[in-house]
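> Chains A and B, in that order, give the protein sequences.
Per my numbering, the very first residue in the first sequence carries number 1; after that it's consecutive.
Per my numbering, the very first residue in the second sequence carries number 1001; after that it's consecutive.
The beta-carbon is built from N, C-alpha and C at its ideal position, and this holds for glycine as well.
Protein chains: 2
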Amino acid sequence: MNFCSHCGHTISFRVPEGDDRKRHVCDRCDTIHYQNPRIIAGCIPFSGDRVLLCKRSIEPRRGYWTLPAGFLENGETVLQGALRECREEACATLDTADLCGIYDIPHINQVYVFYRGPLRDDRYGAGQESLDVELFSAGEVPWDDLAFPVITLALEQFFSDRDAVPPSVHTAAVTRRLR
Amino acid sequence: MNFCSHCGHTISFRVPEGDDRKRHVCDRCDTIHYQNPRIIAGCIPFSGDRVLLCKRSIEPRRGYWTLPAGFLENGETVLQGALRECREEACATLDTADLCGIYDIPHINQVYVFYRGPLRDDRYGAGQESLDVELFSAGEVPWDDLAFPVITLALEQFFSDRDAVPPSVHTAAVTRRLR
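#1: Consider the Cβ of residue 11 of chain A: report whether some Cβ of chain B lies at a distance smaller than 9 Å.
#2: Tell me whether residue 148 of chain A counts as near the ligand ZN, meaning its Cβ is closer than 8 Å to at least one heavy atom of that ligand.
#3: Residues of chain B with a CB under 7 Å from the CB of residue 70 of chain A: which are they?
#4: What do you get for residue 108 of chain A, buried or exposed, if any count of 16 or more other CB atoms within 10 angstroms of its CB means buried?
#5: With 9 Å as the limit, tell me which residues of the region 1021 to 1034 of chain B have their beta carbon closer than that to any beta carbon of chain A; keep them in chain order.
#6: Going by other Cβ atoms of all chains shown within 10 Å of its Cβ, with 16 needed for buried, is residue 1131 of chain B buried or exposed?
#7: Going straight from the alpha carbon of residue 105 of chain A to that of residue 158 of chain A, what length do you get?
#8: Rounded to whole angstroms, what is the Cα-Cα separation between residue 70 of chain A and residue 110 of chain A?
#9: For the alpha helix (DSSP H) that residue 1183 of chain B lies in, which residues bound it at each end?
#10: Could you check the C-alpha separation between residue 1010 of chain B and residue 60 of chain A for me, to the nearest Å?
#11: Is there a Cβ of chain A sitting closer than 9 Å to that of residue 1049 of chain B, yes or no?
#12: Excluding sequence positions up to five away, which residues of its chain have a Cβ less than 7 Å from the Cβ of residue 25 of chain A?
#13: Using a 10 Å radius around the Cβ and a threshold of 16 neighbouring Cβ atoms, would you call residue 62 of chain A buried or exposed?
#14: What does the alpha-carbon distance come out to for the pair residue 1170 of chain B and residue 1116 of chain B?
#15: Are any of the Cβ atoms in chain C nearer than 9 Å to that of residue 173 of chain A?
#16: Going by the beta-carbon positions, is the gap between residue 1146 of chain B and residue 1090 of chain B smaller than 9 Å?
#17: For the beta strand (DSSP E) containing residue 1128 of chain B, name the first residue and the last one.
#18: Is the CB-CB distance between residue 44 of chain A and residue 78 of chain A below 9 Å?
#19: Determine the DSSP secondary structure at residue 1057 of chain B, reduced to helix, strand or coil.
#20: Return the first residue and the last residue of the beta strand (DSSP E) that residue 1026 of chain B is part of.
#21: Just reading off the alpha helix (DSSP H) that residue 29 of chain A is part of, what are its end residues?
#22: What residue range does the alpha helix (DSSP H) around residue 110 of chain A cover?
#23: Output the boundary residues of the beta strand (DSSP E) element that contains residue 1160 of chain B.
#24: Quick one: list the residues of chain B neighbouring residue 76 of chain A, beta-carbon separation under 7 Å, in chain order.
#25: Consider the Cβ of residue 178 of chain A: report whether some Cβ of chain B lies at a distance smaller than 9 Å.
#26: How about residue 43 of chain A: is its C-beta nearer than 9 Å to some C-beta of chain B?
#27: So, is residue 179 of chain A buried or exposed, given that buried needs 16 or more other C-beta atoms within 10 angstroms?
#28: Going by DSSP in three states, residue 1179 of chain B sits in which element: helix, strand or coil?
#29: For a contact defined as C-beta to C-beta under 8 Å, what are the partners of residue 1004 of chain B on chain A?
#30: Considering only C-alpha positions, which residue in the set A:155, A:22 and A:28 is nearest to residue 5 of chain A?
#31: Classify residue 58 of chain A: buried if its beta carbon has 16 or more other beta carbons within 10 angstroms, exposed otherwise.
#32: Distance check for residue 93 of chain A and residue 1020 of chain B, CA to CA, integer angstroms please.
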C-alpha cells in the first residue's frame, strides 16, 4: 500500500494516536487504512459416503483437487458464499448445509469456514475454475494431490465423524504443511 | 474508494474481465481492489452462572453494554483475537475457550465469531474502551441496554444451552434489530 485510496496522497506506516500497532495512515487526510484477515467460505458437498471435489483449472495449484471455496463477498452470509462457490465451481446445488469447521491460517491472513451438506441431485460438473469434478469415497480421495493443507484437514475431519449428531464443528489453526 | 492504493491513479467501479461483479479497478495499473467482509472476534467470559460484560466508553453506543469483541487483526487466529479483546476491554484472562457462535451481519459486511470460556480468576476491570466491567447472571443482564442485536442474540443462546456437552455452536444471520 503506497497511496491513500480516499484522497490519493502518500501514506505512512505508523502507529496512529490511541492505537498500539502500525497502520497505513494518510499523510494528508489522516485516514487509517486497516488491513484484516479475509474469510474463505467453503463447503463439503456429499452424496452417500462420497464427497465432491474439484480439480483446479487456475493457479495456485492448478491440476490439484480442492473443495468448492472462495472469498466471501460483501453483502452475503458465509453460508450463502459457500453455496455460491458450490454452484460456481462444481455446478452443484445444496439445499441445506451445516457448519462443520473453522480453520485459521494466520500466516496468510485467511480464515476458512466450511459448511457440509447433501447434494440435491446427481447434477454436477466443472465450473470455470475447475478442470474436473468428481465424487470420492474416503478411500478414493486423491490424498496426495489435494491443493492445500486446509483441504486435507477439512476432509480428514469430515470423514472421521461424519455421522455425529449434532454435527461436530471443528476448529484448528493451519500453520504449516500437514502432509 | 477513489484512488489506487498501489499506484495512486484514479479508479473505476466496473466488472473486471472474467469476473461477474463490479470491483474497484485501477485505470492505469489494472489492480483490482477487492472489498470483503471483516471478522469481529469476540468472547463470552463467564464465572459460575454469570457472564462478564463491558460498558462501552466509545461510540457507537457509548454507555451500552457489550461483550469483549473487536476486529480480527492480520497474523492472529480468531481465538487469539477473542482472547486479546478480553484482555484489552475487560482486563481479564481466559486460559481456554470454545467456539460457540458465528453470526453474519451481511448488511454491514461483518461476521462475528464468539468463543466462550471461564475466567482464570476474579481479576477484571475497565480497559480503555470500557467505562465499567461487571459480572451478570441471566436475570441480572441489562437486556434493554445492550449495545447491539448480535450481543443480545449471543447472550440469549449462551444462557439457553450453556451446559450442553459438547458445547453447541450457533449460527445465525442478524439482519435487523432483534428487540
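The short version:
#1: Numbered from 1 along the first sequence, position 11 holds the residue referred to as residue 11 of chain A. Put simply, the CB of residue 11 of chain A is near chain B, with a gap under 9 Å to one of its CB atoms.
#2: With respect to the ligand ZN, the structure shown offers nothing to examine, as it has no ligands at all.
#3: The residue labelled residue 70 of chain A in the question sits at position 70 within the first sequence. By Cβ distance, chain B contributes nothing, its closest Cβ being about 11 Å from residue 70 of chain A, past 7 Å.
#4: The sequence position of residue 108 of chain A within the first sequence is 108, counting from 1. Answer is exposed; the Cβ neighbour count stays below 16.
#5: If you check each beta-carbon in the region 1021 to 1034 of chain B against every beta-carbon of chain A, the ones closer than 9 Å belong to 1021, 1024, 1033 and 1034.
#6: Taking the first residue of the second sequence as 1, we reach residue 1131 of chain B at position 131. Label assigned to residue 1131 of chain B: exposed.
#7: Here residue 105 of chain A refers to the residue found at position 105 of the first sequence. Here residue 158 of chain A refers to the residue found at position 158 of the first sequence. Distance between residue 105 of chain A and residue 158 of chain A, taken at the CA atoms: about 19 Å.
#8: Within the first sequence, residue 70 of chain A is the residue found at index 70, counting from 1. Within the first sequence, residue 110 of chain A is the residue found at index 110, counting from 1. Straight-line Cα distance between these residues: approximately 11 Å.
#9: Within the shown structure, residues of chain B are numbered from 1001 to 1179, placing residue 1183 of chain B beyond reach of any answer.
#10: Within the second sequence, numbered from 1, the residue matching residue 1010 of chain B stands at position 10. Within the first sequence, numbered from 1, the residue matching residue 60 of chain A stands at position 60. When rounded, the separation of the alpha-carbon atoms in residue 1010 of chain B and residue 60 of chain A is 29 Å.
#11: Taking the first residue of the second sequence as position 1, residue 1049 of chain B is located at position 49. With 9 Å as the cut-off, residue 1049 of chain B does not count as an interface residue toward chain A.
#12: Locating residue 25 of chain A in the first sequence gives position 25, where the first residue counts as 1. Result list for residue 25 of chain A: 11, 12, 14, 16 and 32, in chain order.
#13: As a first step, residue 62 of chain A must be located in the first sequence, where it is residue number 62. With fewer than 16 Cβ atoms within 10 Å of its Cβ, residue 62 of chain A is classed as exposed.
#14: Residue numbering aside, residue 1170 of chain B sits at position 170 when the second sequence is read from its first letter. Residue numbering aside, residue 1116 of chain B sits at position 116 when the second sequence is read from its first letter. Between the alpha carbons of residue 1170 of chain B and residue 1116 of chain B lies a gap of roughly 12 Å.
#15: Among the protein chains of the structure shown, namely A and B, there is no chain C.
#16: Along the second sequence, one-based indexing puts residue 1146 of chain B at 146. Along the second sequence, one-based indexing puts residue 1090 of chain B at 90. For residue 1146 of chain B and residue 1090 of chain B, no; Cβs fall outside 9 Å.
#17: The residue given as residue 1128 of chain B occupies position 128 in the second sequence. Annotation for residue 1128 of chain B: no beta strand (DSSP E) segment contains it, and DSSP assigns it neither H nor E.
#18: Position 44 of the first sequence, counted from the first residue, corresponds to residue 44 of chain A. Position 78 of the first sequence, counted from the first residue, corresponds to residue 78 of chain A. Going by C-beta atoms, residue 44 of chain A is not nearer than 9 Å to residue 78 of chain A.
#19: To locate residue 1057 of chain B, count along the second sequence from 1; it is residue 57. The answer is coil: DSSP assigns residue 1057 of chain B none of H, G, I, E or B.
#20: Here residue 1026 of chain B refers to the residue found at position 26 when the second sequence is read from its first residue. Unbroken beta strand (DSSP E) run through residue 1026 of chain B: 1023 to 1026.
#21: Counting from 1 along the first sequence, the entry for residue 29 of chain A is found at position 29. Careful: residue 29 of chain A lies outside any alpha helix (DSSP H) and carries neither H nor E.
#22: Position 110 of the first sequence, counting from 1, holds the residue named residue 110 of chain A. Counting along the chain, no alpha helix (DSSP H) covers residue 110 of chain A; the unbroken beta strand (DSSP E) around it starts and ends at 110 to 118.
#23: Here residue 1160 of chain B corresponds to residue number 160 of the second sequence, with the count starting at 1. Run containing residue 1160 of chain B: none in the beta strand (DSSP E); it sits in the alpha helix (DSSP H), 1149 to 1160.
#24: As a position in the first sequence, residue 76 of chain A is number 76, starting the count at 1. Those within 7 Å of residue 76 of chain A in chain B are 1106.
#25: Along the first sequence, read from residue 1 onward, the residue named residue 178 of chain A stands at position 178. With a pLDDT of 49 at residue 178 of chain A, under the threshold of 50, the modelled position of this residue cannot be trusted, and the question is left open.
#26: Looking up residue 43 of chain A in the first sequence gives position 43. No, because no Cβ of chain B sits closer than 9 Å to the Cβ of residue 43 of chain A.
#27: The residue given as residue 179 of chain A occupies position 179 in the first sequence. With a pLDDT of 47 at residue 179 of chain A, under the threshold of 50, the modelled position of this residue cannot be trusted; read the value that follows with caution. Classification of residue 179 of chain A: exposed, given that the 10 Å Cβ count is below 16.
#28: On the second sequence, position 179 is the one that residue 1179 of chain B refers to. Here residue 1179 of chain B scores only 47 on pLDDT, less than 50, and its place in the model should not be relied on; the value that follows carries that caveat. In the three-state scheme derived from DSSP, where H, G and I count as helix and E and B as strand, residue 1179 of chain B is classed as coil.
#29: If you number the second sequence from 1, residue 1004 of chain B lands on position 4. By Cβ distance, chain A contributes 3 and 5.
#30: For the purposes of this step, residue 5 of chain A is identified with residue 5 of the first sequence, where counting begins at 1. Among A:155, A:22 and A:28, the Cα nearest to that of residue 5 of chain A belongs to A:28.
#31: Here residue 58 of chain A refers to the residue found at position 58 of the first sequence. Result: exposed.
#32: As a first step, residue 1020 of chain B is located in the second sequence; it is residue number 20 there, counting from the start. As a first step, residue 93 of chain A is located in the first sequence; it is residue number 93 there, counting from the start. Cα to Cα, residue 1020 of chain B sits roughly 19 Å from residue 93 of chain A.
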